[in-house]
Amino acid sequence: SFANPAVTVARAFTNTFAGIRPGDIFYFIVAQLLGAFCALWICLWLLDDVSIKEELSSTPAET
């Protein structure tokens with residue numbers, strides 16, 4: 183799996199057919215970071231409703 187940048191770097195040092203060329207590491211990590219930022223943006227967009235934000239940020243009431 184290439185979901186983890188550490189795995190991407192480690193796969194560059196393996197000598198298998200599924201390894202990554204050292205010259206491609208930078209592009210893999212950039213793509214992974216862009217994917218993470220896009221996912222963050224989508225989550226923030228979906229949670230843009232004020233009531234959801236208030237519910238997520240409120241502390242539990244004392245009983």
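Residue numbers (this note's numbering): 183 to 245.
Cβ atoms here follow ideal geometry from the backbone N, Cα and C, with glycine treated the same way.
Environment of residue i [buried if 16+ CB atoms lie within 10 Å]
| i | result |
| --- | --- |
| Thr198 | exposed |
Backbone secondary structure at residue i - three-state DSSP
| i | result |
| --- | --- |
| Thr190 | helix |
| Gly205 | helix |
| Leu229 | coil |
| Phe210 | helix |
| Phe219 | helix |
8 Å Cβ shell around residue i - same chain, five flanking residues per side excluded
| i | result |
| --- | --- |
| Thr190 | Phe184, Ile202, Ile207, Phe210, Ile211, Gln214 |
Proximity below 7 Å, CB of residue i to CB of residue j
| i | j | result |
| --- | --- | --- |
| Ala194 | Pro204 | yes |
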